[in-house]
Amino acid sequence: MRPDLSPYLRFDVHNVVEAIAATRWVDRHSGVKYEKCDYRPCGKLFQVTSKHGRKFCPIPSKTESFCANAHKKSEARRKQDDFVALFLEGRRNGLSEKRIRSSRAAKAIGLAPKALEAAVKRAKEQAKQQTRGLLRV
Ligand SMILES: [Zn+2]
12 MRPDLSPYLR FDVHNVVEAI AATRWVDRHS GVKYEKCDYR PCGKLFQVTS
62 KHGRKFCPIP SKTESFCANA HKKSEARRKQ DDFVALFLEG RRNGLSEKRI
112 RSSRAAKAIG LAPKALEAAV KRAKEQAKQQ TRGLLRV
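Convert by adding 11 to the 1-based position in the sequence shown; the result is the number in our numbering.
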């Protein structure tokens with residue numbers, strides 16, 4: 012029987028750190044790329060398997076990502092908070108709801124219609140609490 016003469020690469024490692032370094036070296040030299048998850052609390056590295064420009068780690072699956080969902084939710088929440096602050100400021104300055112809704116600043120926040128209604132509702136509740144003096148600052 013002929014011996015297998017195909018080329019191979021062998022690393023003799025002595026500890027975990029060397030094993031990780033060897034794996035990284037092989038990945039790097041065989042074109043494997045990694046990206047860092049854009050969802051800040053996560054920040055894990057994930058392997059890039061396509062050119063789709065994935066921003067979030069693909070966990071639990073390629074088509075579903077906890078981090079992408081969490082990021083989307085936190086962005087939506089932040090936008091709503093921005094709108095509530097804008098609404099309260101506008102009301103303090105005597106602007107009508109209609110005027111605030113159609114303002115350039117409100118459009119810049121860019122809430123989707125449903126999220127906008129929820130934000131208006133929240134803002135009105137907060138305004139009511141503030142006028143009643145129930146909100147402690
Ligand atoms: Zn992630």
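Just so it is clear, CB atoms sit at the ideal spot from N, CA and C, and this is done for glycine as well. In this text the structure is predicted, and so the values were computed from the model without any measurement.
Residue pairing for Lys44: DSSP places it in a beta bridge opposite Val59. Taking 9 angstroms as the cut-off, the Cβ atoms of Ala116 and Leu97 count as close. When C-beta atoms of the stretch 133-147 are compared with those of the stretch 98-111, three or more pairs fall below 8 angstroms, so the two segments count as touching. With a threshold of 8 angstroms, the Cβ atom of Ser85 does not count as near ligand 1, since no heavy atom of the ligand is closer than that. Residues of the same chain with a CB within less than 7 angstroms of the CB of Pro69, apart from the 5 flanking positions on each side, are Phe57, Ser76 in chain order. The three-state reading of DSSP puts Ser76 in strand, counting E and B together. Checking the 8 angstroms criterion, the Cβ of Tyr45 is out of range of every heavy atom belonging to ligand 1. Under DSSP, Pro124 takes part in no beta bridge, so it has no partner. Using a 10 angstroms sphere on the CB of Leu122, the tally of other CB atoms reaches 16 or more, which defines it as buried.
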